[in-house]
Structure formats: structure tokens, C-alpha cells
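Per full-length UniProt numbering: the sequence shown = residues 1 to 200.
Right, one structure below, let's go through it.
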Amino acid sequence: MVLKAMKCSDLGPGRTRNAAATRQAILIAATRRFLQDSYECVGLRDIARDAGVDVALVSRYFGSKEELFQEVLRGDREGKLPLDGDSTDLPARLADLMLDNGCETDRNDVERLLIILRSASSPKAAEIVRESLRHDVLEPFADLIGGRNAPVRASFAMAIFMGTTILRTVMQVGPLCDEDRGIVRRKLEQLFEAALSEQP
């Protein structure tokens, strides 16, 4: 998804500047800012100016910059991991999800990865990323697969998912994008099977 800058003034005449629209405008402006600059370089006043609102509204809807950054990382769950249903076919579902998402960079999940990479050098941002990943992905994933060493297995599967996504989208590594889909899918499924296995 390509983020289109939106201001409250874009709502047009006769339309109420309701809380949901204002909140969405702020969230879009924040996402664009965090995509362009590292966490430390982004200010709430910049985000408010981009969204066409008073900076006090940013604090009202999201609290601090830390909380706003956390909400940006949550996104709208496009391309989310399949954390429901039966875990027996999870390696196949994960492999299919990665290939179905394609190699495009204008996806919400890829944008969140870019934001994470851009802000990785910030201790505060890194702390928020770790907590968001733990709470929103790793813990639900570990609960789904269950069994011995579930958190470790979930973390390895996430490492495969994030690393391969970066190579396929951000770096556009040819063999991972251009190779026969069946070959890439089988390799991915084998990787996920190894990561999720309870065997030592």
C-alpha cells in the first residue's frame, strides 16, 4: 500500500472532522515520517504539521511519541501471520503467505520492516520494537504452536519470515523473486518445518 498524505482539511466541505478521521490522518503522517527519518529525528510537531492538526491533538489521540511509534508498528495487520487455526499445516501456510505477498515494497508489512531498520540504532525505538514484536507476534505465535521450547521455535520462524521478506522486497534478491515459485515454496516450507520442529 502506498501511503497518501492526508490532512484533516482533505475531508472536504460539509464533512465533519470526526475523531476517527483525525486519528487516521495523524497515523498516516507518522508512518510517512518514520519511513523517511530515524526515530530520534521525528518530532510530534512535524507529524502534526503533516497531518494538518494541532500538536495537542497528537498527544490527545496517541499520548507520547513512543506510543505513536508503537501504533505505527502495529499497522492495519495487512499481510499478518496466520496465527489462527490448526498449527499442523503452519509451515505450508507461512510459505504460501510469503509468496502470495510478492516482492513489492509498497506493502504495509514491508513499510513496517523499513521503519524498524531505519530506527534500529535508537535504543528507545529498539526497545519499543522488541516489545511490539514480543506482544503482537511472538507470544501469540508461541501459543499457537505450543509444545517444547515454543518461544524459541517461534523466534526462529520469525527470523526466517523477516529475513526472507527483507531479501525479497527491500534488497530484491533475484533468485528469491524470479525463481520458479514451486522451488522457492518448497525451500521455504522446509525452513519453516525445521524451525518449528520440536526435535532438538
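Note that beta-carbon positions come from the ideal geometry of N, C-alpha and C, so glycine has one too.
Fill in: Other residues of its chain near C103: CB distance less than 8 Å, five sequence neighbours each side excluded
R168, T169, Q172, L176, C177
Discussion item. Restricting to Cα atoms, I'd like to know which of L35, P200, E71 is closest to G147.
Written reply: P200
Item to complete: Use the C-beta contact count for V152: other C-beta atoms within 10 angstroms, 16 or more gives buried, fewer gives exposed.
Response: exposed
Worksheet item: Mind pulling the alpha helix (DSSP H) runs of 4 or more residues that sit fully within the region 126 to 157?
Response: 139 to 145
Discussion item. Taking the beta carbon of R33 as the centre, do at least 16 other beta carbons fall within 10 Å, making it buried, or is it exposed?
Written reply: buried
Item to complete: Could you tell me whether the Cβ atoms of E66 and I128 are closer together than 8 Å?
Response: yes
Worksheet item: If you compare alpha carbons, which of P140, L191, D136 is closest to F161?
Response: L191
Worksheet item: Counting Cβ pairs, one atom from each stretch, are 3 or more of them under 8 Å apart for the region 109 to 125 and the region 43 to 60?
Response: no
Worksheet item: Comparing alpha-carbon positions, which option in P140, R118, M98, E189 lies nearest Q36?
Response: R118
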